[in-house]
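A short write-up of the structure that comes next.
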Ligand SMILES: [Fe+2]
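Residue numbers (our numbering): 117 to 350.
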C-alpha cells in the first residue's frame, strides 16, 4: 500500500503535505523530511500538518525527538507536533522566537550542529537576507542538502493569472530550480551570504531537497553552484 512517506535515500524520507496559502494568495505545496539519526531517533525538518496517517508512518520509523523549523517562514505546524510529541525538542532558526512567542523552543539553530545530531547532520546559517535567515542542512549518509525557500521550483502552470506572471519574473518557474529574484534582492550582506554558500559548496552533495520543487538527484554540486552563481561570481 502506498503511504504518505517516500523513501528518499538511506535513513531519509519525505512527505508532501497539503497546499498552504502564503502572502498575496500564492499557493505553496508543502514538504517535510524525516531523517533517522544513528541512535535511531528522528529529526523532522519543516513539519507539515500533523495527520493520522503521516503520524502512524513516522512512528514506525522511530522516536520523534527533534522538530526543526529551517527558517522563520516554515513554522506553522510546529506547535501541533510539539503537543503530540511532548518529549521532542523544538529548534528555532534566527528570528523565529521573536515571531512565535507562543511557542516554547528547546534550542537555537546556529552554524554548529546541535551535538545530538552532529554525527549525522551538518548545518550552515545563510545570513544577510532581509526576508528570512535560512538554515541549510546536510545529511551525510544520503548526501542530501536540504534547502527550504532559498531555492524554489514550481510547475509551469502551478500559478494562475497575475500570480503566474509574478512567479515567472521571480524565477519561481524557471527552467531549473532557482533562487527567486525577491530573495536575491533581499541579500543585503552579500559577503556573509557568500561565505555561507561557500560552506554549503564544500559538502559532497549527491541530492538537493527543497520545500517547493522536485528534488535534484544528479549533478547536485554543480546545480548548487549554478543556483548561486549570481552571488558567488559577483
Ligand atoms: Fe516555503
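In this text, a Cβ means the ideal position worked out from N, Cα and C, and glycines have one as well.
Any non-hydrogen atom of ligand 1 within 6 Å of residue i CB
i, result
"residue 302", "no"
"residue 327", "yes"
"residue 132", "no"
"residue 351", "Since the first and last residues shown for the chain are 117 and 350, residue 351 lies out of range."
"residue 218", "no"
"residue 265", "yes"
Those residues which DSSP pairs with residue i across a bridge
i, result
"residue 323", "260"
"residue 292", "According to DSSP, residue 292 bridges with nothing at all."
"residue 250", "242"
"residue 269", "Looking at the DSSP assignment, residue 269 forms no beta bridge with any residue, so it has no partner."
"residue 303", "245"
"residue 282", "In DSSP, residue 282 forms no bridge with anything."
First and last residue of the uninterrupted beta strand (DSSP E) at residue i
i, result
"residue 166", "Here residue 166 belongs to no beta strand (DSSP E), and DSSP marks it neither H nor E."
"residue 125", "121–125"
Own chain residues within Cβ distance below 7 Å of residue i, not counting five before or after
i, result
"residue 153", "159, 233 and 236"
"residue 140", "none"
"residue 341", "317"
"residue 272", "289"
Bounding residues of the alpha helix (DSSP H) (the contiguous stretch that carries residue i)
i, result
"residue 132", "Looking at the DSSP string, residue 132 is not in any alpha helix (DSSP H); the run it does join, the beta strand (DSSP E), is 128–137."
"residue 336", "336–343"
"residue 317", "306–318"
Distance cut-off 6 Å: residue i Cβ against heavy atoms of ligand 2
i, result
"residue 236", "For ligand 2, the structure offers nothing, since it holds only ligand 1."
Close-in-space but distant-in-sequence residues of the same chain around residue i (CB under 6 Å, 5 per side omitted)
i, result
"residue 239", "229, 251 and 253"
If you scan the segment 186–224 from start to end, which runs of the alpha helix (DSSP H) of 4 or more residues do you find wholly inside it? Whole alpha helix (DSSP H) segments, 4+ residues: 194–200 and 212–215.
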